[in-house]
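Residues 14 to 867 in the numbering used here are what the sequence shown lists, from first letter to last. What follows is one structure encoded as structure tokens, with my remarks underneath.
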Amino acid sequence: MPTFCCKVLHAIDSITQEDVYLTRWKSGKRSLLIFSSLVTRHRKHSDKLMLDIINNALNIVKFSKNTSRLPFLLERILSLGFDVISNVLETGPGWRLVSPHFTTLLESAIFPALILNEKDMSEWEEDADEYIRKNLPSDIDEISGWREDLFTARKSAVNLLGVISMSKGPPMETSTNSLSAKRKKGQKNKRINQRRSMGELLVLPFLSKFPIPSNSNVSQKKVLNDYFGVLMAYGGLQEFLRDQESGFVTILIRTRILPLYTIAVSVPFLIASANWVLGELGSCLPEEMSADVYSQLLMALVMPDTRDTSCYPVRVSAAGAITTLLDNDYMPPDFLPLLQVIVSNIGNDENDSSILFQLLSSIMEVGEEKVSVHIPHIIPSLVGSVSKWLTTNLEPWPQVVECGIAALAVMGQTWEDSRPEVSDSESNDLQEKWAADQTAIGRAFAALLQQVWLTPLSTQDQQDQNYPTSCIEDLSTLLRSVILSIDSSHLIQELKVSELLSVWAEMIAEWNTWEESEDLSIFDVIKEIVNLDCSYRLKNFLVKEVPPPPAPPVPDRSIVEGIGTFVRDAIKQYPSAMYRACSCVHTLLHCPTYSIETEGVKQSLAIVFSRAAFSRFVEIRSTPNSLWKPLLLAISSCYLCYPEVVEGIIEKSEAGGIIIWASALCHVSSSSFEAAGLTTESEMKLIVLTLARLIEQFLKQGKPCRDSFHNYLTSLMEVSIQLKELQDEKGDEEEVEDDDDDAEDEDSDDDDSEDYDEDSEVEEYEETQEEFLERYAKAAVALEDDLVIEEGDVEDEELDMELGQLLDVDEQKVVLSLIDKYHHVLIQGQGLPSQVIASFLNAFPEYGLYFQQN
Numbered sequence: 014m015p016t017f018c019c020k021v022l023h024a025i026d027s028i029t030q031e032d033v034y035l036t037r038w039k040s041g042k043r044s045l046l047i048f049s050s051l052v053t054r055h056r057k058h059s060d061k062l063m064l065d066i067i068n069n070a071l072n073i074v075k076f077s078k079n080t081s082r083l084p085f086l087l088e089r090i091l092s093l094g095f096d097v098i099s100n101v102l103e104t105g106p107g108w109r110l111v112s113p114h115f116t117t118l119l120e121s122a123i124f125p126a127l128i129l130n131e132k133d134m135s136e137w138e139e140d141a142d143e144y145i146r147k148n149l150p151s152d153i154d155e156i157s158g159w160r161e162d163l164f165t166a167r168k169s170a171v172n173l174l175g176v177i178s179m180s181k182g183p184p185m186e187t188s189t190n191s192l193s194a195k196r197k198k199g200q201k202n203k204r205i206n207q208r209r210s211m212g213e214l215l216v217l218p219f220l221s222k223f224p225i226p227s228n229s230n231v232s233q234k235k236v237l238n239d240y241f242g243v244l245m246a247y248g249g250l251q252e253f254l255r256d257q258e259s260g261f262v263t264i265l266i267r268t269r270i271l272p273l274y275t276i277a278v279s280v281p282f283l284i285a286s287a288n289w290v291l292g293e294l295g296s297c298l299p300e301e302m303s304a305d306v307y308s309q310l311l312m313a314l315v316m317p318d319t320r321d322t323s324c325y326p327v328r329v330s331a332a333g334a335i336t337t338l339l340d341n342d343y344m345p346p347d348f349l350p351l352l353q354v355i356v357s358n359i360g361n362d363e364n365d366s367s368i369l370f371q372l373l374s375s376i377m378e379v380g381e382e383k384v385s386v387h388i389p390h391i392i393p394s395l396v397g398s399v400s401k402w403l404t405t406n407l408e409p410w411p412q413v414v415e416c417g418i419a420a421l422a423v424m425g426q427t428w429e430d431s432r433p434e435v436s437d438s439e440s441n442d443l444q445e446k447w448a449a450d451q452t453a454i455g456r457a458f459a460a461l462l463q464q465v466w467l468t469p470l471s472t473q474d475q476q477d478q479n480y481p482t483s484c485i486e487d488l489s490t491l492l493r494s495v496i497l498s499i500d501s502s503h504l505i506q507e508l509k510v511s512e513l514l515s516v517w518a519e520m521i522a523e524w525n526t527w528e529e530s531e532d533l534s535i536f537d538v539i540k541e542i543v544n545l546d547c548s549y550r551l552k553n554f555l556v557k558e559v560p561p562p563p564a565p566p567v568p569d570r571s572i573v574e575g576i577g578t579f580v581r582d583a584i585k586q587y588p589s590a591m592y593r594a595c596s597c598v599h600t601l602l603h604c605p606t607y608s609i610e611t612e613g614v615k616q617s618l619a620i621v622f623s624r625a626a627f628s629r630f631v632e633i634r635s636t637p638n639s640l641w642k643p644l645l646l647a648i649s650s651c652y653l654c655y656p657e658v659v660e661g662i663i664e665k666s667e668a669g670g671i672i673i674w675a676s677a678l679c680h681v682s683s684s685s686f687e688a689a690g691l692t693t694e695s696e697m698k699l700i701v702l703t704l705a706r707l708i709e710q711f712l713k714q715g716k717p718c719r720d721s722f723h724n725y726l727t728s729l730m731e732v733s734i735q736l737k738e739l740q741d742e743k744g745d746e747e748e749v750e751d752d753d754d755d756a757e758d759e760d761s762d763d764d765d766s767e768d769y770d771e772d773s774e775v776e777e778y779e780e781t782q783e784e785f786l787e788r789y790a791k792a793a794v795a796l797e798d799d800l801v802i803e804e805g806d807v808e809d810e811e812l813d814m815e816l817g818q819l820l821d822v823d824e825q826k827v828v829l830s831l832i833d834k835y836h837h838v839l840i841q842g843q844g845l846p847s848q849v850i851a852s853f854l855n856a857f858p859e860y861g862l863y864f865q866q867n
């Protein structure tokens, strides 16, 4: 290893700026990568070579004064030289070797890499996005000696400066003759042996030597170029400044940054950097400074281009800095001026509008109720701007269209979250106004969706119709807003809701780009569509109408068939949304009103869903996990609709499949199931009805009463007990709530209700350290054995199922009817635990007669 490293060091040492051999440059680049890896991962090999590594890296970074003339590969080598020094500084021996060179390094290598050069100015005019990527980076947040993703000399130099500023200098000695020594006996001098950071001792004093540009020196090119480097340096000091007192940062911003905005028109490149610095320092801005900073950024956000210079980077950096301020809990006293600025400037330029749409999304996410009141007034204008940029081609859409649709989706969700609660006459008026505004928003969104989905189809042949797939997540959110705005049948026709839903259903039926957090709004739309059909009977929902001649006589998929295809594929391919997909199974099977003519549609859905759910369950059944419950319950809904059909599908998929499914269903129902047991009334009701139907089917078919059969009956009784207890608790809670409402004006009663709430809360189980270690040990073993199964989102486990017409079924009557009809077979004194029987009779005394006869 030492011999190899010496050869590598020689390769690096041979690099010169004038070298014409590309191979030597590439060798030098790889050599620096090797040393970076040695320092960060193999210290035992690098410590003895640390001095040589540092000397070679210092020789490399001296090229920084010529950064503007360096080709890309040599600039990459320069960047790696800075990175290697940063790596070395994170080690004890390395710091001792590098610290004597701090001053030279700062003056001769780091700062020359930061100052403005001719290459920067040409990129500003010719490729503004590249300029922003290099000089106003959003990925510099973490200052560390272990960064491996910087790539440009300037970013690496900024990172190295941040590492140096955070390092500590030597202990400070305090003279015993000083006044501070004359204190009361026993009082310690806290500054003795205190270590100050190099940011305080070296970096800030060095940067303070450069005068801030003003009207008197704005014509001096060197002053402007140097101060550009000062601003870049401040951006890299965020970690250091975060540790300083708030007054320190306040003085720095007031004296070294904000004065630049008085000459903003003359120095746009400095203003862009100042915006970026304020954004980087957003997390350590004192509260009293935020308002001043915000006002300057707001002006920079709309800084116009001059005759010779584009100010696009200024506007981009201002938008990013405002977003950072908002993310750090700064709330303007009034959002209206900001919204007016954004809306009035969207539509002027495509690139600017993309940035403003992104800023608008951030404002909606943090402003919530403070901005929701303005949403109905600005949406029509924004929809018009997006419509202007929509192309006749299906895709790809311009970035401004995607950003605009994303912003509209966030606004629609923010508006929905602002729905007032109806509690008195005043809020009723608010509710009516909110509903009227919701209708207006729905009209605007519907017009946009028609342009996006229906207009392109009108220009295509029937056989060649293709559907746009861009922005499916955000467009689904807009569609949901349209559905929620419907309050009459004529509005469905006016907004062409059925036509929009038909296209949307075809789109999601062909969807195969599953993402971790995408597509979730699609599941929300599915439930709203079903609710809308229950209220107004949507055209083409269950059966697609046959178009009149001369169109082909074969109809396309109906809306529900397209949705069914999407849900089927989600069950097969999308573990993280398994709960949502299976929840849609219950909604689609039980909520719509099927007629005799459309019964075939319901049966086809049950077949598709049961086949997909059971095949997926077979794949994961080896290890009980949280995906068991949604899959088994989805099969249960299908089985309740068509027992014989579903049993045939399951048996065809797997020999003895009906027994496998029924046994797993009982296992999920038991208290011993650790992954995700029954938690809601709808889950328990569904299992009670399913087990009752399953037992009855077995008895009708004359199947023998084996142990598994008695397990089904035992599970039926246990879940019936759980359901009865849950219903009784729910009734008691409702009575308590009624009592609390009657006594809400009495302080004593309020206190009592609060005490009740506290006492009645179920104590959350806290996992012990031993249980935690055991669980993770099992997970590690499973990972090594490739047995890990991707599970669903934990939050989705709390979703309640929509059982529709099943809610009207009295499960107690179903169980009573089953026992009354087959008690001579069911209750034979064998296989049923006596404790279960006792608990069952305690919950349902009316069944006692049948057990006494036994």
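Backbone N, C-alpha and C fix where the C-beta goes; we use that ideal spot for every residue, glycine too. Note that this is a predicted model, so its numbers are computed, not measured.
If you drop the 5 nearest sequence neighbours on each side, which residues of the same chain put their C-beta closer than 8 Å to that of residue i?
| i | result |
| --- | --- |
| valine 543 | Thr600, Leu601, Cys604, Pro605 and Glu815 |
| valine 870 | Missing from the structure shown is residue 870; the chain here goes from 14 to 867 and no further. |
| lysine 201 | Unreliable placement is indicated for lysine 201, whose pLDDT of 44 sits below 50; no coordinate value is reported for it. |
Under the DSSP definition of a beta bridge, which residues are partnered with residue i?
| i | result |
| --- | --- |
| serine 181 | The displayed chain sequence assigns lysine, not serine, to residue 181. DSSP lists Ser210 as partners of lysine 181. |
Looking only at its own chain, which residues have a Cβ that is under 6 Å from the Cβ of residue i, when we skip the five neighbours before and after it?
| i | result |
| --- | --- |
| glycine 333 | Gly292 |
| alanine 518 | Ile572, Gly575 and Ile576 |
Hey, how far is the Cα of residue i from the Cα of residue j?
| i | j | result |
| --- | --- | --- |
| phenylalanine 627 | tryptophan 641 | 10 Å |
| isoleucine 648 | alanine 583 | 15 Å |
| alanine 304 | proline 345 | 7 Å |
| leucine 704 | valine 681 | 13 Å |
| valine 111 | isoleucine 67 | 7 Å |
| valine 216 | lysine 39 | 33 Å |
| cysteine 597 | serine 639 | 18 Å |
| leucine 119 | isoleucine 388 | 50 Å |
| alanine 141 | leucine 373 | 22 Å |
| leucine 273 | aspartate 321 | 20 Å |
| isoleucine 734 | leucine 678 | 16 Å |
| leucine 786 | proline 637 | 19 Å |
| leucine 64 | glycine 107 | 8 Å |
| serine 169 | methionine 134 | 20 Å |
| isoleucine 392 | serine 385 | 11 Å |
| glutamate 632 | serine 589 | 16 Å |
| asparagine 873 | alanine 619 | The shown model of the chain, from 14 to 867, leaves out residue 873, and the question about it has no answer. |
Around the Cβ of residue i, are there at least 16 other Cβ atoms within 10 angstroms (buried) or fewer (exposed)?
| i | result |
| --- | --- |
| proline 224 | exposed |
| phenylalanine 722 | buried |
| asparagine 361 | exposed |
| alanine 449 | exposed |
| methionine 316 | buried |
| aspartate 487 | buried |
| cysteine 547 | exposed |
| glutamine 309 | buried |
| alanine 668 | exposed |
| methionine 10 | Missing from the structure shown is residue 10; the chain here goes from 14 to 867 and no further. |
Near residue i, which residues of its chain fall below 7 Å by C-beta distance, leaving aside the five closest residues on each side in sequence?
| i | result |
| --- | --- |
| serine 259 | Pro299 |
| tyrosine 240 | Phe223, Ile225, Pro226 and Leu283 |
Under 8 Å, do residue i and residue j count as touching if we go by C-beta distance?
| i | j | result |
| --- | --- | --- |
| alanine 70 | valine 52 | no |
| serine 498 | isoleucine 454 | yes |
| alanine 856 | lysine 698 | no |
| glycine 295 | threonine 337 | yes |
| arginine 493 | serine 534 | yes |
| alanine 421 | leucine 491 | The sequence given here has leucine at residue 421, not alanine. It is a contact, given that the beta carbons lie within the stated cut-off. |
| arginine 593 | alanine 625 | no |
| threonine 693 | aspartate 821 | no |
| leucine 443 | serine 330 | no |
| glycine 417 | phenylalanine 458 | no |
Can you determine whether any heavy atom of the ligand ADP sits closer than 7 Å to the C-beta of residue i, and answer yes or no?
| i | result |
| --- | --- |
| glutamine 251 | The ligand ADP is absent from the structure shown, which contains no ligands of any kind. |
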